[in-house]
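Each residue of the sequence shown is one higher than the last, beginning at 5 in the numbering used here. Contents: one structure, followed by commentary.
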Amino acid sequence: MSKTFTCKELGGICEENFSGTTLMEIVQKGMQHMQSDEAHMKKIGDLSNTTGETKEQWFERMQKEFDTKAEN
Numbered sequence: 005m006s007k008t009f010t011c012k013e014l015g016g017i018c019e020e021n022f023s024g025t026t027l028m029e030i031v032q033k034g035m036q037h038m039q040s041d042e043a044h045m046k047k048i049g050d051l052s053n054t055t056g057e058t059k060e061q062w063f064e065r066m067q068k069e070f071d072t073k074a075e076n
């Protein structure tokens with residue numbers, strides 16, 4: 005069964021939904037979307053400054069959120 009995250013939940017700026025059976029599948033779809041315009045790319049570029057997390061820490065946190073998120 006799949007789970008869904010919004011662009012904002014992944015660290016982006018909008019409410020676009022991304023669904024998948026693994027966090028990696030969702031992240032890959034989200035990254036394609038977030039590279040689609042300058043506003044999203046700026047937000048991604050600033051993400052480590054705003055969260056204080058490394059990419060590894062972010063992924064670990066998101067995996068925990070994925071694990072506890074309700075299925076669609």
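For each residue, glycine too, the CB sits at the ideal point set by N, CA and C. Note that this is a predicted model, so its numbers are computed, not measured.
Can you list the alpha helix (DSSP H) stretches of 4 or more residues lying completely in the stretch 5 to 49, in chain order? 27 to 38
Mind checking whether residue 16 and residue 59 have CB atoms under 9 Å apart? no
Expressed to the nearest angstrom, what Euclidean distance is found between the alpha-carbon atoms of residue 68 and residue 13? 13 Å
Work out the CA separation of residue 19 and residue 64 for me, nearest whole Å. 22 Å
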